[in-house]
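Trainee: With our numbering, letter number 61 in the sequence shown gets 61, and the count goes up by one each step, no holes.
We put the beta carbon where it would ideally sit given N, CA and C, even for glycine.
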Amino acid sequence: MQQYGDYLKNYNIKGKDGGKWNAPCVAGYNQTGFDNEIDIRMCQKYGPKLDDFGGWTLYHPFLRFDVQEEVASWFACVKINPQNSISMDAMREYLGYSKDGAHDAKVDVIQGADMGIRFWRLKRAIMQGKIDLPQGKKIKFKNCVDGAL
1 MQQYGDYLKN
11 YNIKGKDGGK
21 WNAPCVAGYN
31 QTGFDNEIDI
41 RMCQKYGPKL
51 DDFGGWTLYH
61 PFLRFDVQEE
71 VASWFACVKI
81 NPQNSISMDA
91 MREYLGYSKD
101 GAHDAKVDVI
111 QGADMGIRFW
121 RLKRAIMQGK
131 IDLPQGKKIK
141 FKNCVDGAL
């Protein structure tokens, strides 16, 4: 875990000793409900210990981005499949990702990051007035990934 902590310090805004307020933000697909729990257990077992308030010392104390929470906000009133699921596998299918290597950490991280980027770009394009969302139309993500926006 020390090796992981040292690696994360490379991404601290103010350098290796920049403190938790300049540390990287946690991000991922279902980060809040799954990965955070693993990180907490690993920190408790191997260090660095959580602070006195139970907060991270590896990551920024409260800035985070959970792609699944973002997906939930976009599809709160829209069923994307018969099960009304927004699991990683359901989003892979909906967005056209390959399921080859699914549930392998590296594949999940890369696909989750790509999904996050697509939603960030979509949100930015809508806010800038570059995309109009007519009622009843399926959102097309093609142009949100290739930098066309």
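Under three-state DSSP, which class holds Phe-65?
Mentor: Here residue 65 refers to the residue found at position 65 of the sequence shown. Strand.
Trainee: Bridge partners of Ala-27, per DSSP?
Mentor: Walking along the sequence shown from the start, residue 27 turns up at place 27. Phe-65, per the DSSP bridge assignment.
Trainee: For Phe-75, name the three-state secondary structure that DSSP assigns.
Mentor: On the sequence shown, residue 75 is found 75 positions in, with the first residue counted as 1. Here Phe-75 sits in coil by DSSP.
Trainee: Going along the chain, which residues of its own chain have a beta-carbon closer than 7 Å to the beta-carbon of Ala-27, five neighbours each way excluded?
Mentor: The residue given as residue 27 occupies position 27 in the sequence shown. Contacts found: Arg-64, Phe-65, Gly-116.
Trainee: So, helix, strand or coil for Phe-53, using DSSP?
Mentor: Here residue 53 is taken as the residue at index 53 of the sequence shown, counted from 1. Three-state DSSP puts Phe-53 in coil, outside helix and strand.
Trainee: Tell me which residue opens and which closes the alpha helix (DSSP H) that Phe-119 is part of.
Mentor: Indexing the sequence shown from 1 puts residue 119 at position 119. That run of the alpha helix (DSSP H) goes 105 to 127.
Trainee: If you drop the 5 nearest sequence neighbours on each side, which residues of the same chain put their C-beta closer than 6 Å to that of Asn-12?
Mentor: Locating residue 12 in the sequence shown gives position 12, where the first residue counts as 1. The answer, listed in chain order, is Gly-18, Asn-22, Ala-23.
Trainee: Applying the 10 Å Cβ sphere with the 16-neighbour rule, what's the burial state of Ala-148?
Mentor: For the purposes of this step, residue 148 is taken as the residue at position 148 of the sequence shown. Since pLDDT at Ala-148 reaches only 43, below the 50 mark, its modelled position is unreliable, and no value is offered.
Trainee: Ordered along the chain, which non-local residues of its own chain (more than five positions away) have a Cβ less than 7 Å from that of Lys-20?
Mentor: As a working note, residue 20 is residue 20 in the sequence shown. Closer than 7 Å at Cβ, skipping near neighbours: Trp-56, Thr-57, His-60, Pro-61.
Trainee: Just reading off the alpha helix (DSSP H) that Gly-5 is part of, what are its end residues?
Mentor: Position 5 of the sequence shown, counted from the first residue, corresponds to residue 5. Run containing Gly-5: 2 to 9, per the alpha helix (DSSP H) assignment.
Trainee: Under 7 Å, do Phe-119 and Glu-69 count as touching if we go by C-beta distance?
Mentor: Position 119 of the sequence shown, counted from the first residue, corresponds to residue 119. Position 69 of the sequence shown, counted from the first residue, corresponds to residue 69. Against a cut-off of 7 Å, the Cβ pair of Glu-69 and Phe-119 comes out as no contact.
Trainee: Mind the definition here: the segment 72 to 79 touches the segment 34 to 47 only if three or more C-beta pairs lie below 8 Å; say whether that holds.
Mentor: No: fewer than three Cβ pairs fall under 8 Å.
Trainee: Once you ignore the five residues that flank Tyr-97 on each side, which residues in its own chain have a CB closer than 7 Å to its CB?
Mentor: In the sequence shown, the residue the question calls residue 97 occupies position 97. For Tyr-97, where only same-chain residues beyond five positions count, the Cβ hits under 7 Å are Gln-111.
Trainee: Expressed to the nearest angstrom, what Euclidean distance is found between the alpha-carbon atoms of Arg-124 and Ala-113?
Mentor: Here residue 124 refers to the residue found at position 124 of the sequence shown. Here residue 113 refers to the residue found at position 113 of the sequence shown. Each residue's alpha carbon lies about 16 Å from the other.
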